[in-house]
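**Q** Sequential numbering from 1 applies to the sequence shown in full-length UniProt numbering.
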Amino acid sequence: MKDSEIVVETIAFVKETLKEAEGGHDWFHIQRVYSNAEQIARGEDVDLLVVSLGALLHDIADAKFHNGDESVGPRIAKRFLDSLGVGQDVIAHVVHIINNISFKNSLSNNGQPKFDSKELQIVQDADRLDAMGAIGIARAFNYGGFKNREMYNPDIAPNLNLTKEEYKTSKAPTINHFYEKLLLLKDQMNTPTGKKMAEERHAYMLGFLKQFYKEWNGQS
Ligand code: ADP
Ligand code: NI
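(1) Give every residue of the same chain whose Cβ lies closer than 7 Å to the Cβ of residue 124, excluding the five residues on either side of it in the sequence, and list them in chain order.
(2) Just verifying my parser: in three-state terms, what is the DSSP assignment at residue 218?
(3) According to DSSP, is residue 163 helix, strand or coil?
(4) Short of 6 Å in beta carbon distance, which residues of its chain neighbour residue 73, apart from the five on each side in sequence? Order them along the chain.
(5) Assuming residue 133 contacts residue 200 under a Cβ cut-off of 8 Å, what Cβ separation, rounded to an integer in Å, is found between them?
(6) Less than 8 Å between the CB of residue 130 and some heavy atom of the ligand NAP, yes or no?
(7) Does the beta-carbon distance from residue 179 to residue 206 come in below 9 Å?
(8) If you follow the alpha helix (DSSP H) that residue 190 is part of, which residue opens it and which one closes it?
(9) Can the beta-carbon of residue 131 be found less than 9 Å from the beta-carbon of residue 181?
(10) For residue 193, does the count of other Cβ atoms within 10 angstroms reach 16, so buried, or fall short, so exposed?
(11) Are there three or more Cβ pairs, one per stretch, closer than 8 Å when the region 16 to 30 is compared with the region 87 to 94?
(12) Around the Cβ of residue 109, are there at least 16 other Cβ atoms within 10 angstroms (buried) or fewer (exposed)?
(13) Between which residues of its own chain and residue 173 is the CB-CB distance below 7 Å, once the five residues before and five after are set aside?
(14) Round the Cβ separation of residue 21 and residue 126 to the nearest angstrom and send it over; I've been treating them as touching at under 8 Å.
(15) Helix, strand or coil for residue 102? Go by DSSP, reduced to three states.
(16) Which class does residue 93 belong to by DSSP, given the choice of helix, strand or coil?
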């Protein structure tokens, strides 16, 4: 099978698999991440098939809906790629990307995850970009609403030292999430193109927060 055919088949598979997915990780999230990844990859000397498949399959099974089992996604991806006859080295690389991309893992107590491929760095940047800017703001409040959290509470300060466990179970207002994660993403970008794309989105979030407080305090 040609690379382009593998990608076409994978798109169809992901669309079908994510039909019932929640808003933050639906097909449109994948489509945006895939498009970001393609843009970033343009400036890099990388295996484009691995980047495409990594982007398309990175959220194929959200551990949140599988009792926290993070092995489900990689397993589904591997089974699917095997069925297409994709080479084992490509499959291993894609599985590696799925296993290492998550924010949650990058928030682990021991600091940064270890990167060991350019392809992983690109897909991770592409995914992080979708948590920033206007889309990132929309996703954050969508998530907060789903979790029945307050938008903002001036009496609850952001906590920059949350452990992975506390982060997952936190009941903090959604605005805190900007300080605990979203505003930190800009400096965590791996690639030059990713960094550049992050700047506008970062600035947009700062502008949003400024306006939010202005309106909150009746000053606009
Ligand atoms: P991923 O699946 O990419 O590792 P998450 O599941 O942590 O990421 O987040 C998915 C989306 O939900 C992101 O846009 C993220 O900002 C948002 N989100 C995650 N946790 C929170 C939170 N505590 N408050 C608001 N938004 C959140
Ligand atoms: Ni994602």
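Note that beta-carbon positions come from the ideal geometry of N, C-alpha and C, so glycine has one too.
**A** With the structure as the only source:
(1) In the sequence shown, the residue the question calls residue 124 occupies position 124. Correct list, in chain order: 101, 190.
(2) Taking the sequence shown and counting its residues from 1, the one referred to as residue 218 is at position 218. Residue 218: coil per DSSP, three-state reduction.
(3) The residue labelled residue 163 in the question sits at position 163 within the sequence shown. The answer is coil: DSSP assigns residue 163 none of H, G, I, E or B.
(4) Taking the first residue of the sequence shown as 1, we reach residue 73 at position 73. 60, 61, 98, listed in sequence order.
(5) On the sequence shown, position 133 is the one that residue 133 refers to. On the sequence shown, position 200 is the one that residue 200 refers to. Indeed they touch by this definition, with Cβ atoms about 7 Å apart.
(6) This structure lacks the ligand NAP; the ligands present are the ligand ADP and the ligand NI.
(7) Within the sequence shown, the letter at position 179 stands for residue 179. Within the sequence shown, the letter at position 206 stands for residue 206. No, Cβ-Cβ distance for residue 179 and residue 206 is not below 9 Å.
(8) The residue you call residue 190 lines up with position 190 of the sequence shown. No alpha helix (DSSP H) contains residue 190, which DSSP labels as neither H nor E.
(9) Residue mapping note: residue 131 aligns to position 131 of the sequence shown, counting from 1. Residue mapping note: residue 181 aligns to position 181 of the sequence shown, counting from 1. Contact flag set, yes.
(10) Along the sequence shown, read from residue 1 onward, the residue named residue 193 stands at position 193. It counts as buried.
(11) no
(12) As a working mapping, residue 109 is identified with position 109 in the sequence shown. Summary for residue 109: the model assigns pLDDT 47, below 50, so the residue's position carries little reliability; its value from the coordinates is reported in the next sentence. The residue is exposed, with fewer than 16 neighbouring Cβ atoms inside 10 Å.
(13) Residue 173 sits at position 173 when you count from the first residue of the sequence shown. Excluding residues within five positions, the ones whose Cβ falls inside 7 Å are 149, 150, 151, 152, 153, 156.
(14) Walking along the sequence shown from the start, residue 21 turns up at place 21. Walking along the sequence shown from the start, residue 126 turns up at place 126. Not quite, the Cβ-Cβ distance comes to about 18 Å (not below 8 Å), so this is no contact.
(15) Taking the sequence shown and counting its residues from 1, one reaches residue 102 at position 102. Coil at residue 102, not helix or strand.
(16) Here the question's residue 93 lines up with position 93 in the sequence shown. Reduced to three states, the DSSP call for residue 93 is helix.
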